[in-house]
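Engineer: What follows is a structure written as structure tokens; I'll ask about it next.
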Amino acid sequence: MAKSIEIEKLALSIETAESAELSARLGAALGERFGVRDETPFSILARGEDGALIGGVNGVIHWRWAYVRHLWVAESRRGQGLGARLMGEAERLARDRGCVGVYIDTFEKRVAAFYERLGFGRVGEIADFPPGHSRISLSKPFR
């Protein structure tokens, strides 16, 4: 005889103890199957002559891969090589930490082309995410 299961809907806008418990349990199950995630966040910042933030990259290293979550360059500094320099620094950091590669995603085809010029290859795409665009995933394994 099957037991009844109660489905409880929680607020979506706040982190709850229950959602933290779900994350912890999934993390433990993944760790048992694939090894410890050993997650380490990173940030690399670029500042102008006046000390103002002009660019940066941040992300996380896990399972010996670096995930670049954000790359941002101030509008006034774009097209001057700063984004490539920041990605180069992220790659150096990843190599120094023993990573086997870097991965990233973007919603813009021109940005995907930028990453491809840096040696990344497309590994996936989700069409119409966000609506009218695509989410493009790229990776750069170290050889």
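For the record, in the sequence shown the residue sitting at position 118 is 118 according to the UniProt record's numbering, with numbers rising by one throughout. Just so you know, even glycine gets a beta-carbon here, dropped at the ideal spot from N, CA and C.
To the nearest angstrom, report how far apart residue 134 and residue 112 are at their CA atoms.
Structural biologist: Walking along the sequence shown from the start, residue 134 turns up at place 134. Walking along the sequence shown from the start, residue 112 turns up at place 112. Those two C-alpha atoms are separated by around 11 Å.
Engineer: Rounded to the nearest angstrom, how far is the Cβ of residue 141 from that of residue 100, given a contact under 8 Å?
Structural biologist: Walking along the sequence shown from the start, residue 141 turns up at place 141. Walking along the sequence shown from the start, residue 100 turns up at place 100. The beta-carbon separation of residue 141 and residue 100, rounded to 6 Å, stays under the 8 Å limit for a contact.
Engineer: Is there at least one Cβ from chain D nearer than 7 Å to residue 83's Cβ?
Structural biologist: This model lacks chain D altogether; it includes just one protein chain.
Engineer: Cα-Cα, which of 16, 90, 98, 76 is closest to residue 144?
Structural biologist: No information on residue 144 is available, as it lies outside the stretch 1 to 143 that the chain covers here.
Engineer: Please report the straight-line C-alpha distance between residue 45 and residue 80, rounded to a whole angstrom.
Structural biologist: On the sequence shown, position 45 is the one that residue 45 refers to. On the sequence shown, position 80 is the one that residue 80 refers to. Those two C-alpha atoms are separated by around 16 Å.
Engineer: Go ahead and pull the three-state DSSP assignment for residue 51.
Structural biologist: One-based indexing of the sequence shown puts residue 51 at position 51. Coil, per DSSP.
Engineer: Distance, Cα to Cα, residue 72 vs residue 59?
Structural biologist: Here the question's residue 72 lines up with position 72 in the sequence shown. Here the question's residue 59 lines up with position 59 in the sequence shown. In a straight line, the C-alpha of residue 72 is about 12 Å away from that of residue 59.
Engineer: Under 7 Å, do residue 104 and residue 74 count as touching if we go by C-beta distance?
Structural biologist: Here residue 104 corresponds to residue number 104 of the sequence shown, with the count starting at 1. Here residue 74 corresponds to residue number 74 of the sequence shown, with the count starting at 1. For residue 104 and residue 74, no; Cβs fall outside 7 Å.
Engineer: At 3 residues or longer, what runs of the beta strand (DSSP E) sit wholly inside the UniProt domain "N-acetyltransferase" (5-143)?
Structural biologist: 40-47, 53-62, 65-73, 101-106, 121-127, 134-141
Engineer: Note down, in chain order, each residue of its chain lying with its Cβ closer than 8 Å to the Cβ of residue 62, except the 5 sequence neighbours on either side.
Structural biologist: Counting from one through the sequence shown, the residue named residue 62 turns up at place 62. Hits under 8 Å: 37, 38, 39, 40.
Engineer: Do residue 118 and residue 87 have their C-beta atoms closer together than 7 Å?
Structural biologist: Within the sequence shown, residue 118 is the residue found at index 118, counting from 1. Within the sequence shown, residue 87 is the residue found at index 87, counting from 1. Against a cut-off of 7 Å, the Cβ pair of residue 87 and residue 118 comes out as a contact.
Engineer: Between residue 130 and residue 107, which are expected to be in contact by the criterion C-beta below 8 Å, what is the C-beta distance as a whole number of angstroms?
Structural biologist: Numbered from its first residue, the sequence shown carries residue 130 at position 130. Numbered from its first residue, the sequence shown carries residue 107 at position 107. Yes, they are in contact, since the Cβ atoms of residue 130 and residue 107 sit about 6 Å apart, within 8 Å.
Engineer: Is it buried or exposed for residue 83, if we count other Cβ within 10 angstroms and need 16 for buried?
Structural biologist: Locating residue 83 in the sequence shown gives position 83, where the first residue counts as 1. So residue 83 counts as buried.
Engineer: Starting from the C-beta of residue 125, find all residues in its chain whose C-beta is less than 8 Å away, skip the five residues before and the five after it, and write them out in chain order.
Structural biologist: Position 125 of the sequence shown, counted from the first residue, corresponds to residue 125. Within the same chain, residue 125 has close Cβ partners 134, 135, 136, 137.
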